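In what follows, a structure is listed as structure tokens, so that the remarks can point back to it.
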Amino acid sequence: MSKSIAGFSKLSKSKKIDWIVDTYFSNAESAKNILKQYWNNDEKLQQLHDEFIENTITNYYLPLGVAPNFLINDKLFTIPMAIEESSVVAAASKAAKFWLDRGGFRTKVISTTKIGQVHFKYSGDTNKLKKFFNTVKPKLIEDSVDITKNMNKRGGGIIDIELRDKTTDLKNYYQLHASFETLDAMGANFINSCLEQFAKTLKAEALVFDLFTDDEKQIDIIMSILSNYVPDCLVRAEVSCKIEDLKENNSISGEAFANKFIEAVKIAEVEPYRAVTHNKGVMNGIDAVILATGNDFRAVEAGVHAYASREGKYSSLSHAKIEDGIFTFWIEIPLALGTVGGLTGLHPLVKLSLEMLHKPSAKELMQIVAVAGLAQNFAALRSLTTTGIQQGHMKMHLMNILNQFEASDAEKEILTTYFKSNTISHTAVSEALNNLRTSG
Ligand code: MEV
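Going by our numbering, the first residue of the sequence shown is number 2, and it counts up by one from there.
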């Protein structure tokens, strides 16, 4: 039986570990050793990681890989990717190389507006609320000046604040719906601080607004928070080439490939079961770069999937067409990213990843991330519509299976060669390893 504990967060790291291993593990010493194995020898670096969150007991590693040869708007990039799934970096690198020989990726930031809302309840006359809002709007902006002055100096800040009547959805429910430009910052703290100030001003000014009755003066603030739905913080990435140039080696003709590829995209456009997996492939690329660059992948995931459902039905994030003999494959995706603030100046690997990407602005990072998503999607659809996905997946998964069986370096070398021409499965690897071990 587990037990509860009071004041856990106040214990020292070593006391926390003692409690965890004594409570949950039959072999407490072995559990403790595993946790300690992942500590960094550099105490300062370890402390930095300890302080990212509460109750840190160790570090959780993900591989940081790189996918080179990404030509984006005629500039070459090597893209850092933090991800555990074996085939993702290999697929990205393959797609990058494929398009490197065909003109590379073209990208464009369409918009960069972010949204935040103050949600509140008001039970009085709507017209009076509208009058009140128009009167108070300049003061909402004025009272936030301490928060906004630096952002304003750099050319960002509050774009607009609207009053939205949501009473047909929920009784007495209204919003301040505000839009922001946060430049190179993801902007969550900036937006939330502005919103909390708007809420304070709104509440205080209502108390002294002449037209309100005593009841109407009592605006009930429910919450103030940014939205991770950012359909107006949008980036486009595309690849295109003559259909005959899609042919590689002795594979199917460019035209046959293009047609099949477009059918696969159309299926994801109309069929939600397929669209979710199709978009998961896109997110393999996107999340990996977002993690490597210290951005918030949960925020991006939530926003991207809401965007994929914006027409009322979940659909593909990417699209493809042939026009005048040219194959074009593109994605438009909402991405609220930052290259300053948050982890970006703190985590040494994030700093390194950003430097590897030529220290991008948030707009440039949006373009790189969108490319990673498109490339990943291209690689998946290319495999799915030609060889099938398992060939590449299992090739990359072979090392995981060999590690599960604790294969030695010599065994790995022999079996990697053997499985170049034999079908990989868990059983086949187990048998081949057994044969090798009994024959040796
Ligand atoms: C696996 O992580 C991603 C794929 O399933 C994506 C897709 O089906 O398009 C291969």
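Quick reminder that beta carbons are idealized off the backbone N, C-alpha and C, glycines included.
Keep in mind that this is a model prediction, so the values were computed, not measured.
Find out if the Cβ-Cβ distance for the pair LEU336, VAL236 is shorter than 9 Å. By the CB criterion at 9 Å, LEU336 and VAL236 fall inside the cutoff.
Let me know the secondary structure DSSP gives MET82 once reduced to three states. strand
Looking at C-beta atoms only, is the number of pairs between the segment 181–197 and the segment 121–135 that lie closer than 8 Å three or more? no
Presumed contact (8 Å Cβ cut-off) between GLU182 and GLY157, rounded CB distance: 4 Å
Do ASN285 and the ligand MEV come close, with the Cβ less than 8 Å from some heavy atom? yes
Quick check on TYR230 - is its C-beta less than 9 Å from some C-beta in chain C? Absent from the structure: chain C. Only one protein chain is present.
Completely contained alpha helix (DSSP H) runs for the segment 334–384, where each covers 4 or more residues: 349–357
Hey, quick one: how far does the beta strand (DSSP E) through SER180 stretch, first residue to last? 174–182
Give me the Cβ distance between ALA276 and TYR315, rounded to the nearest whole Å; I'm assuming they're in contact under 8 Å. 5 Å
Use the C-beta contact count for ASP325: other C-beta atoms within 10 angstroms, 16 or more gives buried, fewer gives exposed. exposed
Can you list, in chain order, the residues of its chain whose CB lies under 6 Å from that of GLY125, leaving out five sequence neighbours each side? Contacts found: GLU217.
Output the distance between the C-alpha atoms of ALA97 and GLY104, rounded to the nearest integer angstrom. 11 Å
Report the three-state DSSP secondary structure of ASN70 (helix, strand or coil). strand
Relative to the C-alpha of VAL305, which residue among ASN251, LEU177, ASP233 is closest? ASP233
Confirm the yes/no value for this check: CB of LYS281, any heavy atom of the ligand MEV, distance under 8 Å. yes
Within the chosen definition, does the segment 375–383 reach the segment 327–341 through at least 3 CB pairs nearer than 8 Å? yes
Determine the extent of the alpha helix (DSSP H) in which ILE159 is found, giving its start and end residues. Per DSSP, ILE159 belongs to no alpha helix (DSSP H); it is in the beta strand (DSSP E), 158–166.
Span separating the alpha-carbon of ILE160 from that of ALA179: The straight-line gap from Cα to Cα measures roughly 7 Å.
So, are the CB atoms of LYS129 and ILE220 less than 9 Å apart? Remark: C-beta atoms of LYS129 and ILE220 do not approach each other more closely than 9 Å.
Starting from the Cα of GLU264, find the closest Cα among SER317, ASP246, GLU312, ASN251 and give me that residue. SER317
From LYS14 to ALA321, what does the alpha carbon distance come to, in whole angstroms? 53 Å
With a 10 Å radius around its C-beta and 16 neighbouring C-beta atoms as the bar for buried, classify THR127 as buried or exposed. Exposed is the label assigned to THR127, since fewer than 16 other Cβ atoms lie within 10 Å of its Cβ.
Can you tell me the Cβ-Cβ gap for SER225 and ALA186, rounded? I've got them flagged as a contact below 8 Å. That pair is no contact at about 18 Å.
Can you check DSSP and say which residues form a bridge with TRP20? None, per the DSSP bridge assignment.
Buried or exposed: where does HIS120 fall if 16 or more other Cβ atoms within 10 Å of its Cβ makes it buried? buried
Bridge partners for PHE420 per DSSP, in chain order? According to DSSP, which records beta bridges pairwise, PHE420 is partnered with nothing at all.
With hydrogens ignored, establish whether the beta-carbon of ILE390 is closer than 8 Å to any heavy atom of the ligand MEV. yes
Could you tell me whether the segment 297–312 touches the segment 345–352, using the rule of 3 or more Cβ pairs below 8 Å? no
Can you tell me whether LEU375 sits near the ligand MEV, meaning its C-beta is under 8 Å from at least one heavy atom of the ligand? no
How would you write the range of the beta strand (DSSP E) that PHE121 sits in, first residue to last? 115–122
Below 8 Å on the Cβ atoms is my contact criterion, and I expect TRP442 with ASN56 to pass it. Report the Cβ-Cβ distance as a whole number of Å. A query on residue 442 cannot be resolved here, the shown segment of the chain reaching from 2 to 441 and no further.
What's the gap between the Cα of ALA68 and the Cα of ASP288? 14 Å
For ILE253, which of helix, strand or coil comes out of DSSP? coil
Check THR294 in the structure and name its three-state DSSP category. coil
Is it the case that the segment 426–439 contacts the segment 382–402, given that we only count it when at least three CB pairs across the two stretches are under 8 Å? yes
Exposed or buried, which one is GLY282 when buried takes at least 16 other CB atoms within 10 Å? buried
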